[in-house]
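Some notes on the structure that comes next.
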Amino acid sequence: MAALEIVRIPVLSDNYVWLVHEPESGATMAVDPAVAEPVLAAAETRGWTITDIWNTHWHPDHTGGNAAIKEAAKAWGGCTITGPAAEYERIPTLDVQVRDGDRVRLGNHVADVWDVPAHTAGHIAYHFADAFADGGAIFVGDTLFAMGCGRLFEGTADQMYANMRRLAALDDATRVYCAHEYTLSNARFAVTVEPGNAALAARLAAVEAARAAGVATVPTSIGEERATNPFLRAGSAAELGRIRALKDAA
Numbered sequence: 023m024a025a026l027e028i029v030r031i032p033v034l035s036d037n038y039v040w041l042v043h044e045p046e047s048g049a050t051m052a053v054d055p056a057v058a059e060p061v062l063a064a065a066e067t068r069g070w071t072i073t074d075i076w077n078t079h080w081h082p083d084h085t086g087g088n089a090a091i092k093e094a095a096k097a098w099g100g101c102t103i104t105g106p107a108a109e110y111e112r113i114p115t116l117d118v119q120v121r122d123g124d125r126v127r128l129g130n131h132v133a134d135v136w137d138v139p140a141h142t143a144g145h146i147a148y149h150f151a152d153a154f155a156d157g158g159a160i161f162v163g164d165t166l167f168a169m170g171c172g173r174l175f176e177g178t179a180d181q182m183y184a185n186m187r188r189l190a191a192l193d194d195a196t197r198v199y200c201a202h203e204y205t206l207s208n209a210r211f212a213v214t215v216e217p218g219n220a221a222l223a224a225r226l227a228a229v230e231a232a233r234a235a236g237v238a239t240v241p242t243s244i245g246e247e248r249a250t251n252p253f254l255r256a257g258s259a260a261e262l263g264r265i266r267a268l269k270d271a272a
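Heads up: the sequence shown is residues 23 to 272, going by the working numbering.
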């Protein structure tokens, strides 16, 4: 089975939309399209047509491009919008509602749906165990960031801690596709939480150099996050909640 082809599209101030192409079938999806035009342009440049949109949660900077992409897709047979069943009333363009344990297909690749509530009440993630020859991929929306996690807008530290434990159980090689370029600010905060973490100090230096050069820092990997992400490394929900409160106040 051919590996997925994944393109990062920077939009708005710090969002990333992920354009995912399955080469054997030609199926192409946009994950969390905040806006439509650059996503459609990126697909057209590559000769791809968007057949699917997958949303992780209802926030407008993840769903704002849904309607316009769906309208444009009428020219090539349409596209199907998939998203969290628990948030269907807040995503008016949703065609398919999914929840934990469901499986969704992009061509010959199948992803497992995970419920990961906390940032929003119905937030989900999509895990492809066989995205690449050397490992999987997970599209996490605003649940896990490089050296960070999402704010607890509609959930609790207990929920986010459960999410972190589930994510931490994935293979180190699993690539993590989050929806924002927050890495530099997250890294600078993380070193205040773990000042003796040599891997974290080295990663901060690398991220500072990358961002100074205008280079993106995601996707990341579960292995990198396990070594350097204070939220993924938290030993309890109480510890995660304490770190989250410090980050929110920073």
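Ideal Cβ placement from N, Cα and C applies to all residues, glycine included. The structure displayed is predicted, hence computed values, not measured ones.
Going by CA-CA distance only, name the one from Pro114, Leu128, Asp164, Asp156 that's closest to Val138.
By 1-based counting over the sequence shown, the position of residue 138 is 116. Nearest in C-alpha terms to Val138, of all of Pro114, Leu128, Asp164, Asp156, is Asp164.
Where in the segment 153-235 do unbroken runs of the alpha helix (DSSP H), each at least 4 residues long, occur, reported from the N-terminal end onward?
You should have 179-190, 205-215, 220-234.
Going by the CB atoms, is the gap between Val33 and Ala56 shorter than 8 angstroms?
Against the sequence shown, residue 56 aligns to sequence position 34. Against the sequence shown, residue 33 aligns to sequence position 11. Their beta carbons are under 8 angstroms apart, which means Ala56 touches Val33 by this criterion.
Is the Cβ-Cβ distance between Thr78 and Ile160 less than 8 angstroms?
In the sequence shown, counting from the first residue as 1, residue 78 sits at position 56. In the sequence shown, counting from the first residue as 1, residue 160 sits at position 138. With contacts defined by Cβ atoms closer than 8 angstroms, Thr78 and Ile160 do not form a contacting pair.
Cα-Cα, which of Ile103, Gln181, Ile72 is closest to Pro45?
Position 23 of the sequence shown, counting from 1, holds the residue named residue 45. Taking Pro45 as reference, the option from Ile103, Gln181, Ile72 with the minimal CA-CA separation is Ile72.
In angstroms, rounded to a whole number, what distance separates the CA positions of Leu26 and Asp180?
In the sequence shown, residue 26 corresponds to position 4, counting from 1. In the sequence shown, residue 180 corresponds to position 158, counting from 1. One C-alpha to the other measures close to 33 angstroms.
Starting from Ile31 and walking both ways along the beta strand (DSSP E), at which residues does that stretch end?
Taking the first residue of the sequence shown as position 1, residue 31 is located at position 9. Where Ile31 is concerned, the enclosing beta strand (DSSP E) stretches over 27-33.
So what's Leu128 in DSSP terms, helix, strand or just coil?
In the sequence shown, residue 128 corresponds to position 106, counting from 1. If DSSP states are grouped into helix, strand and coil, Leu128 belongs with the strands.
First and last residue of the alpha helix (DSSP H) that includes Gly245?
For the purposes of this step, residue 245 is taken as residue 223 along the sequence shown, with counting starting at 1. Judged by DSSP secondary structure, Gly245 falls within the alpha helix (DSSP H) whose first and last residues are 244-250.
Across the segment 121-130 and the segment 82-102, are there enough close Cβ pairs to call them in contact, namely three or more that are closer than 8 angstroms?
Short answer: they don't touch.
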